[in-house]
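A short worksheet on the structure shown next.
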Amino acid sequence: GAVVSQHPSRVICKSGTSVKIECRSLDFQATTMFWYRQFPKQSLMLMATSNEGSKATYEQGVEKDKFLINHASLTLSTLTVTSAHPEDSSFYICSAFRGGHYEQYFGPGTRLTVT
Amino acid sequence: EDKVVQSPLSLVVHEGDTVTLNCSYEVTNFRSLLWYKQEKKAPTFLFMLTSSGIEKKSGRLSSILDKKELFSILNITATQTGDSAIYLCAVPDGSGTSYGKLTFGQGTILTVHP
Numbered sequence: 003g004a005v006v007s008q009h010p011s012r013v014i015c016k017s018g019t020s021v022k023i024e025c026r027s028l029d030f031q032a033t034t035m036f037w038y039r040q041f042p043k044q045s046l047m048l049m050a051t052s053n054e055g056s057k058a059t060y061e062q063g064v065e066k067d068k069f070l071i072n073h074a075s076l077t078l079s080t081l082t083v084t085s086a087h088p089e090d091s092s093f094y095i096c097s098a099f100r101g102g103h104y105e106q107y108f109g110p111g112t113r114l115t116v117t
Numbered sequence: 141e142d143k144v145v146q147s148p149l150s151l152v153v154h155e156g157d158t159v160t161l162n163c164s165y166e167v168t169n170f171r172s173l174l175w176y177k178q179e180k181k182a183p184t185f186l187f188m189l190t191s192s193g194i195e196k197k198s199g200r201l202s203s204i205l206d207k208k209e210l211f212s213i214l215n216i217t218a219t220q221t222g223d224s225a226i227y228l229c230a231v232p233d234g235s236g237t238s239y240g241k242l243t244f245g246q247g248t249i250l251t252v253h254p
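In structure tokens:
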């Protein structure tokens with residue numbers, strides 16, 4: 003199956019700092035990437051849809067100025083959590099979609115802890 | 141707006157038991173329904189269902205779709221501790237405005253005790 007990587011897998015940062023998370027599709031070009039957030043023992047909550055070369059589409063209630071998404075190429079999307087606060091601590095997962103298939107390929111996730 | 145509801149939200153069983161997980165959905169222009177298993181990291185794909193009444197099977201796991209009643213079930217027979225996970229059901233966007241977007245259910249947390 004297709005491989006999607008995320009980096010870093012874990013990050014601890016101080017309140018007020020910014021953190022960048024990378025999502026890469028390693029063996030295919032992803033027309034679209036999705037960013038999810040997941041709290042413990044809960045389902046995935048879609049934050050935004052990222053299309054290469056265009057602005058991301060954010061879900062209702064997700065602050066676009068706080069969660070900056072850049073999809074610079076067909077294999078890379080980044081999520082930057084700006085001015086992070088403890089309530090931003092969560093598990094962030096990206097997925098890549100290559101079109102023509104209904105299956106999304108998920109990255110391994112990034113555990114963010116804001117102290 | 142597409143909607144996916146899973147039940148039960150959590151389930152605790154012993155090894156060897158058989159479990160049935162439920163997923164009901166409401167979606168404009170249904171295309172498929174997907175099942176995923178999530179342990180500690182990313183969800184892993186289990187099944188994609190598109191047609192009613194056709195069972196998909198993989199080892200001890202099987203799933204079937206009822207497009208008339210708008211639901212799917214995931215069965216796991218002879219459960220093992222390694223089946224402990226969150227099981228997620230999802231449907232792709234049916235509106236045609238967000239190709240590839242998935243709507244997930246709340247998930248079912250399955251715990252299998254030895």
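Protein sequence lines correspond, in order, to chains E and B.
Using our numbering, the letters of the first sequence correspond one by one to residues 3 to 117.
Using our numbering, the letters of the second sequence correspond one by one to residues 141 to 254.
Glycine residues also receive a C-beta, built at the ideal position from the N, C-alpha and C atoms.
Alpha carbon to alpha carbon, how far is S192 (chain B) from A86 (chain E)?
46 Å
When you compare only the Cα positions, how much space is there between Y176 (chain B) and S20 (chain E)?
31 Å
Residues of the region 163-188 of chain B with a CB closer than 9 Å to any CB of chain E: list them in chain order, please.
R171, S172, L174, Y176, Q178, K180, K181, A182, P183, T184, F185 and M188
Report yes if the C-beta distance between I226 (chain B) and T243 (chain B) is below 9 Å; otherwise report no.
no
Please list, in chain order, the residues of the region 11-43 of chain E that have any C-beta partner in chain B closer than 8 Å.
T33, T34, F36 and K43
Over the uninterrupted beta strand (DSSP E) stretch that includes Q146 (chain B), give me the two end residues.
K143 to S147
Report the neighbours of A69 (chain E) on chain B: residues whose CB is nearer than 8 Å to its CB, in chain order.
At residue 69 (chain E) the sequence reads Phe, which differs from the Ala that was named. Within 8 Å Cβ-Cβ: nothing; F69 (chain E) doesn't reach chain B, min ~17 Å.
Residues from the region 71-87 of chain E in contact with chain B, defined by Cβ distance under 7 Å:
Per Cβ criterion, the list is empty.
Can you tell me which of E:Q31, E:I23 and E:V6 puts its alpha carbon nearest to the alpha carbon of T82 (chain E)?
Residue E:I23 holds the alpha-carbon nearest to the alpha-carbon of T82 (chain E) among E:Q31, E:I23 and E:V6.
Taking all protein chains shown into account, do 16 or more other C-beta atoms lie within 10 angstroms of the C-beta of S203 (chain B), making it buried, or fewer, making it exposed?
The residue in question, S203 (chain B), is buried, as its Cβ has 16 or more Cβ neighbours within 10 Å.
For E61 (chain E), which of helix, strand or coil comes out of DSSP?
coil
Can you list, in chain order, the stretches of the beta strand (DSSP E) that have 3 or more residues and sit fully within the region 3-83 of chain E?
6-9, 12-15, 21-27, 34-40, 47-53, 69-75 and 78-83
Can you list, in chain order, the residues of its chain whose CB lies under 8 Å from that of T117 (chain E), leaving out five sequence neighbours each side?
I14, C15, K16, S17 and P88
L205 (chain B): buried (16+ other C-beta within 10 angstroms of its C-beta) or exposed?
buried
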